[in-house]
Amino acid sequence: MRIYQCTVLGLLLLISCPEGASASETVKLSQAQPPSPGDRPPSPLPELPPRPEDIQPPGFEQGEPTLSATDNCAVNTATTPEQILAAIEHTTNAPPEGIEIPAITGIRFVGNRAFSDLRLQKHVADQTDGKTEFTFTELIAIAQIITSFYNEKGYVNTWATVPEQIVDAQGRVAIAIIEGGISEIHLSRPKAEHRLNNAYICDRLALATRPLQLDQLLDALRQLQLNPLIQQINAQLRPGIYEESSILVVEVIEAPSLQVTAGLDNGRPPSVGTQRRLIQLSEGNVSGIGDRLALTFSNTAGSNNLDARYTLPLNARDGTLSLTLSKGASKVIEEPFDYLDLQGDSFMWELLFRQPLDKSAQHEVALSLGLGHRFSQTSILGFNFPLSEGADDEGRLRVTTLTFGQDWTRRSDQDFLSLRSRLSLGTNALGATVNPTAPDGRFFHWQAQGTWLHRFPNRSQLLVQGSLQLGDRPLLAQEQFTLGGLGTVRGYRQDVVSRDNGASLSLEYQQPLLGDFSDRWGLLSLATFADWGVGWQSAQRDEKAYQTLASLGLGLLWSTPSDLTVQAYWGLPLIEVDSRDNTLQERGFHFLVQSRWDF
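All you need for this note's numbering is the position in the sequence shown, starting with 1, plus 2.
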């Protein structure tokens, strides 16, 4: 046995391997969080994958006194020889008495989970030139062939053997494969940083060791390194008491979990005031299990909104259950309607279950199911009155929605690609509004969203974003597809177009001008963009006209290592629409300033 080292941008993995195992390797991480489907901008552009040189591993010194005593997690992911031998005894079909024991004319495998019988049989045939009869010495050699095959594929503590047994009636002998795993995970953390439960880390690592395979373990470590609750993670894989059971020693530095975010933008419609102020308080580890609570307050001159979201992790595969509550109040302040005292109040809740089906540090496939309910009411001059299409005589609207989402994400050092889809079904449950004709609380529509971010060698990057909505009938205003403003088609007022169906496409090229993201003053980039969008009504409406928007423009983007983001855009409308030109966004100017502090 020998020890070799794999360094994964700060993930130090010392592994006990048989002779002939692969040499050390260096792999790269990427961090990008793609945007969620249904969330409407304005928001910062997707976070870019950091360059490898921007990620510095922490310096763990030997004998460092700040490290606490090691916590142990018993996981036992290895297959024990006793389990395999019991299976062989149970399945052995010995020849009847008086029948001569046949020659060894075949082999079968017991205990193999990582590879199928067919795959192993093919490998043995390739190594033995298709031989069909074997001596005992040759069986021992075949067991070594299987052991080497597993080890070369990264299963570093898996081995095969030929146990004592009776040749079955078909002349076959069983080769036992003991697929290795880990027996314990030892966690070391600084004494002052021990808020995250041991199980949160151990369960995620244990999933990658059934059986233990180096690439899977390295990917699990990468995923933890990308986790916002973990600042740095180092690991050592050490021999255990038994050959098939290793011990994983992990050193973890937790990241600050309390965040305060403040922002200012002009991403709201002029009717309620374009300039939005936002503050968010979020705790990413409320009770030690990785549960997150975020409270957000935003307001404009004519609106106030308070949102609360709690996300509970359900399993080690990052399945989550989220509860969102939102309450808002708005008043039209745009002339000449301001004197009418047009007001609206709303309340919304949503329960969302999301489960990744396939996830690694480079890609994710996930599904989600949601149930939501929204209530709104409008008034004029202090009297309840239907200002929105589909509302009852008191201006009330109730909508109950079932959603089914599909997410696909892939990331690398140069690219980030995200495709998201959501099916929404409005039902008459929970007192939803039902009218003789649409629109009302019954509807069906499909939303799709895509994002591609490509980084060029000269640090410039191309951002492509697109969205699509198709509805089966006339929709309520809250469900319609909107165009115009920051996040859709810049150069126009926010939500200047609202239709049942729509599509949009945005291309933006960002060229660095000054600095570097790792510098104290950050990176200043020049952006050039082209935006396009079209909206149209459902066939049941009398109004079926298409409305198209298009613009070209420039922008300045500034981002710093201290989590300060500043974006300023100017868009030139290529298609004229009716506008009062009273606000910056109606003159083509859009801005966003956002800063975050970690505690």
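Backbone N, C-alpha and C define an ideal beta-carbon position, used for all residues, glycine too.
**Item:** residue 413 to residue 348 span [Cα, whole Å]
**Value:** As a working note, residue 413 is residue 411 in the sequence shown. As a working note, residue 348 is residue 346 in the sequence shown. Spanning the alpha carbons of residue 413 and residue 348 requires a straight line of approximately 38 Å.
**Message:** Just to confirm my understanding: we take residue 288, look at its own chain, exclude 5 residues before and 5 after, and list those with CB closer than 6 Å. What are they?
**Reply:** Within the sequence shown, the letter at position 286 stands for residue 288. Its chain contains 295 as the residues whose beta carbon lies nearer than 6 Å to that of residue 288, once the 5 sequence neighbours on both sides are disregarded; these appear in chain order.
**Message:** I'd like to check one pair, residue 540 with residue 502: are the Cβ atoms closer than 8 Å?
**Reply:** The residue you call residue 502 lines up with position 500 of the sequence shown. The residue you call residue 540 lines up with position 538 of the sequence shown. Going by C-beta atoms, residue 502 is nearer than 8 Å to residue 540.
**Request:** Give the single residue among 354, 383, 395, 507 whose Cα lies nearest to the Cα of residue 403.
**Result:** Within the sequence shown, the letter at position 401 stands for residue 403. That would be 354, whose Cα lies nearest to the Cα of residue 403.
**Prompt:** Would you report the Cα separation of residue 30 and residue 476, rounded to the nearest angstrom?
**Reply:** Here residue 30 refers to the residue found at position 28 when the sequence shown is read from its first residue. Here residue 476 refers to the residue found at position 474 when the sequence shown is read from its first residue. Its pLDDT being 28, under 50, residue 30 is placed unreliably by the model, and the measurement read from it follows with that caveat. Each residue's Cα considered, the two are about 48 Å apart.
**Prompt:** Roughly how far, in whole angstroms, is the beta-carbon of residue 383 from the beta-carbon of residue 342, given that I think they are within contact range, below 8 Å?
**Reply:** Taking the first residue of the sequence shown as 1, we reach residue 383 at position 381. Taking the first residue of the sequence shown as 1, we reach residue 342 at position 340. The Cβ separation is near 6 Å, so the contact holds.
**Item:** Residues of its chain near residue 588, where Cβ-Cβ distance is below 8 Å and the 5 sequence neighbours each way are ignored
**Value:** For this step, residue 588 is matched to residue 586 along the sequence shown. Excluding residues up to 5 positions away in sequence, 272, 494, 495, 581, 582 lie with their Cβ nearer than 8 Å to the Cβ of residue 588 in the same chain.
**Request:** Drop a sphere of 10 angstroms on the beta-carbon of residue 523, count the other beta-carbons inside from all chains shown, and report buried for 16 or more, exposed for fewer.
**Result:** Here residue 523 is taken as the residue at index 521 of the sequence shown, counted from 1. Its Cβ having fewer than 16 others within 10 Å, residue 523 is exposed.
**Whole-Å CB distance - residue 187 paired with residue 250, under 8 Å assumed** = As a position in the sequence shown, residue 187 is number 185, starting the count at 1. As a position in the sequence shown, residue 250 is number 248, starting the count at 1. About 5 Å separates the CB atoms of residue 187 and residue 250; that is less than 8 Å, so the two are in contact.
**Item:** Cβ neighbour criterion (16 or more within 10 Å) applied to residue 210
**Value:** What you label residue 210 is simply residue 208 of the sequence shown in a count that begins at 1. Residue environment for residue 210: buried (at least 16 other C-beta atoms within 10 angstroms of its C-beta).
**Asked** Between the segment 119-137 and the segment 185-205, are three or more C-beta pairs nearer than 8 Å?
**Response** Too few Cβ pairs lie closer than 8 Å, so no.
**Prompt:** Exposed or buried, what is residue 548 when buried is set at 16 or more other beta-carbons lying within 10 Å of its beta-carbon?
**Reply:** Taking the sequence shown and counting its residues from 1, the one referred to as residue 548 is at position 546. Under the 10 Å beta carbon count, residue 548 is surrounded by fewer than 16 other beta carbons and is classified as exposed.
**Item:** Distance between residue 486 and residue 568 (C-alpha atoms, nearest Å)
**Value:** Locating residue 568 in the sequence shown gives position 566, where the first residue counts as 1. Locating residue 486 in the sequence shown gives position 484, where the first residue counts as 1. About 20 Å.
**Message:** How far does the beta strand (DSSP E) with residue 495 in it extend, from its first residue to its last?
**Reply:** The residue you call residue 495 lines up with position 493 of the sequence shown. Segment: none, residue 495 is in no beta strand (DSSP E) and carries neither H nor E.
**Asked** So residue 202 packs on residue 292, CB below 8 Å; how close in whole Å?
**Response** Locating residue 202 in the sequence shown gives position 200, counting from the first residue. Locating residue 292 in the sequence shown gives position 290, counting from the first residue. At roughly 5 Å, the Cβ-Cβ gap stays under 8 Å, so residue 202 and residue 292 are in contact.
**Asked** Name the DSSP bridge partner or partners of residue 574?
**Response** The sequence position of residue 574 within the sequence shown is 572, counting from 1. DSSP, once it has assigned bridges, lists 554 as partnering residue 574.
**Check whether residue 246 and residue 429 have beta carbons under 8 Å apart** = Working through the sequence shown from its first residue, we reach residue 246 at position 244. Working through the sequence shown from its first residue, we reach residue 429 at position 427. Not closer than 8 Å, so no.
**Asked** Start and end of the alpha helix (DSSP H) containing residue 154?
**Response** Stepping through the sequence shown from its first residue, residue 154 is reached at position 152. From DSSP, the alpha helix (DSSP H) with residue 154 extends over 138-154.
**Prompt:** Hey, residue 505 and residue 470: beta-carbon distance below 8 Å or not?
**Reply:** Here residue 505 refers to the residue found at position 503 when the sequence shown is read from its first residue. Here residue 470 refers to the residue found at position 468 when the sequence shown is read from its first residue. In contact: residue 505 and residue 470 (Cβ atoms closer than 8 Å).
**Asked** How long is the line joining the alpha carbons of residue 122 and residue 139, rounded to whole angstroms?
**Response** Your numbering for residue 122 matches position 120 in the sequence shown. Your numbering for residue 139 matches position 137 in the sequence shown. Just so you know, the alpha carbons of residue 122 and residue 139 end up roughly 19 Å apart.
**Prompt:** Do you know whose CA, among 484, 252, 378, 577, lies nearest residue 227's CA?
**Reply:** For the purposes of this step, residue 227 is taken as the residue at position 225 of the sequence shown. The residue with the shortest Cα to Cα distance from residue 227 is 252.
**Asked** For residue 117, is the classification buried or exposed, using 16 other Cβ atoms within 10 angstroms of its Cβ as the cut-off for buried?
**Response** Along the sequence shown, read from residue 1 onward, the residue named residue 117 stands at position 115. That one is buried.
**Item:** Any chain B beta carbon closer than 8 Å to residue 219
**Value:** Protein chain content of the structure displayed is limited to a single chain, and chain B is not contained in it.
**Request:** Identify, in the order they occur along the chain, each residue of the same chain with its Cβ nearer than 6 Å to the Cβ of residue 601, setting aside the five sequence neighbours on each side.
**Result:** Counted from its first residue, the sequence shown places residue 601 at position 599. The residues are 258, 260.
**Asked** Quick one: Cα of residue 198 to Cα of residue 169, how far?
**Response** Against the sequence shown, residue 198 aligns to sequence position 196. Against the sequence shown, residue 169 aligns to sequence position 167. Spanning the two alpha carbons is a distance of roughly 53 Å.
**Prompt:** Using CA coordinates, which residue listed in 254, 370, 401, 111 is at the minimum distance from residue 424?
**Reply:** Counting from 1 along the sequence shown, the entry for residue 424 is found at position 422. Of the candidates 254, 370, 401, 111, the one whose C-alpha sits nearest the C-alpha of residue 424 is 370.
**Prompt:** Opposite residue 200 in the DSSP bridges: which residues?
**Reply:** By one-based count along the sequence shown, residue 200 stands at place 198. Residue 200 pairs with nothing; no bridge assigned.
**Prompt:** If you count every other CB in all the chains shown that lies within 10 Å of the CB of residue 436, and 16 or more means buried, which is it?
**Reply:** If you number the sequence shown from 1, residue 436 lands on position 434. With fewer than 16 other Cβ atoms within 10 Å, it is exposed.
**Request:** Would you kindly work out how many angstroms separate the C-alpha atoms of residue 146 and residue 171, rounded to a whole number?
**Result:** Taking the sequence shown and counting its residues from 1, the one referred to as residue 146 is at position 144. Taking the sequence shown and counting its residues from 1, the one referred to as residue 171 is at position 169. The alpha-carbon atoms of residue 146 and residue 171 are separated by roughly 25 Å.
**Prompt:** With distances taken from CA atoms, which of 565, 545, 566, 579 is nearest residue 553?
**Reply:** Here residue 553 refers to the residue found at position 551 of the sequence shown. For the residues 565, 545, 566, 579, the minimum Cα distance to residue 553 belongs to 579.
**Request:** Flag this pair as yes or no: are the beta carbons of residue 478 and residue 401 separated by less than 8 Å?
**Result:** Reading the sequence shown from its first residue, position 476 is the one you call residue 478. Reading the sequence shown from its first residue, position 399 is the one you call residue 401. Closer than 8 Å, so yes.
**Request:** Figure out for me which residue from 166, 125, 591 has the closest Cα to the Cα of residue 88.
**Result:** Translated into the one-based positions of the sequence shown, residue 88 becomes position 86. The shortest Cα separation from residue 88 among 166, 125, 591 belongs to 166.
**Request:** Take residue 409 and list the residues in its own chain whose beta-carbon comes closer than 6 Å to its own, dropping the five residues that flank it on each side.
**Result:** On the sequence shown, position 407 is the one that residue 409 refers to. Setting aside the 5 residues that flank it on each side, residue 409 is surrounded in the same chain by 368, 422, each with a C-beta closer than 6 Å to its C-beta; the list follows chain order.
**residue 225 vs residue 255 beta-carbon contact at 8 Å** = In the sequence shown, the residue the question calls residue 225 occupies position 223. In the sequence shown, the residue the question calls residue 255 occupies position 253. Taking 8 Å as the Cβ cut-off, residue 225 and residue 255 do not qualify as a contacting pair.
**Request:** For residue 56, name the three-state secondary structure that DSSP assigns.
**Result:** Your numbering for residue 56 matches position 54 in the sequence shown. Low per-residue confidence applies at residue 56: pLDDT is 42, beneath 50, and the placement is therefore not dependable, though the value from the model is reported in the following sentence. If DSSP states are grouped into helix, strand and coil, residue 56 belongs with the helices.
**Message:** Is the separation between the beta-carbon of residue 332 and that of residue 300 shorter than 8 Å?
**Reply:** In the sequence shown, counting from the first residue as 1, residue 332 sits at position 330. In the sequence shown, counting from the first residue as 1, residue 300 sits at position 298. Taking 8 Å as the Cβ cut-off, residue 332 and residue 300 do not qualify as a contacting pair.
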